[in-house]
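Chemist:
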Amino acid sequence: MDHKLELYYYPECPFCQRVLAAIARHGWEGIELKDIHADPEADATLVRVGGKHQVPCLFIDGEPLYESLDIIAWLEKTLG
Ligand SMILES: N[C@@H](CCC(=O)N[C@@H](CS)C(=O)NCC(=O)O)C(=O)O
Numbered sequence: 032m033d034h035k036l037e038l039y040y041y042p043e044c045p046f047c048q049r050v051l052a053a054i055a056r057h058g059w060e061g062i063e064l065k066d067i068h069a070d071p072e073a074d075a076t077l078v079r080v081g082g083k084h085q086v087p088c089l090f091i092d093g094e095p096l097y098e099s100l101d102i103i104a105w106l107e108k109t110l111g
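The sequence shown: position 10 = 41 (my numbering), numbered continuously.
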């Protein structure tokens, strides 16, 4: 099962750090990182597609998933 995964985040956000730490810990690869503070286009996309300005948000094949714990749970279930 191959998904396109994009994590919208910014580095200072502790909830984003929680997701990034889980990614590093598990060695999950292939997750594109979109720093919304460094990338205004990503910032606009987050709100346009996701409907709210909240990070972290994982886009799974273009579908937004908010909430750090839900994101980690989905990644664990899907990537192992
Ligand atoms: N319960 C959420 C909390 C996420 C949250 O509060 N994110 C903050 C940044 S740390 C946010 O997006 N604030 C709105 C903003 O920065 O515009 C989670 O666990 O992901």
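Each residue gets a CB set at the ideal place from its N, CA and C atoms; glycine is no exception. For clarity, every value in this text was computed on a predicted model and none was experimentally measured.
1) Reducing DSSP to helix, strand and coil, say where Glu72 ends up.
2) Do three or more CB pairs link the region 40-57 to the region 100-110 at distances below 8 Å?
3) Give me the Cα-Cα distance between Asp101 and Lys35, rounded to the nearest whole angstrom.
4) Considering only DSSP beta bridges, list what Ile102 is partnered with.
5) Taking the alpha-carbon positions, what's the Pro71 to Ala53 distance?
Modeler: A quick look at the data gives this:
1) helix
2) yes
3) 17 Å
4) Looking at the DSSP assignment, Ile102 forms no beta bridge with any residue, so it has no partner.
5) Pairing Pro71 with Ala53, the inter-Cα distance amounts to about 26 Å.
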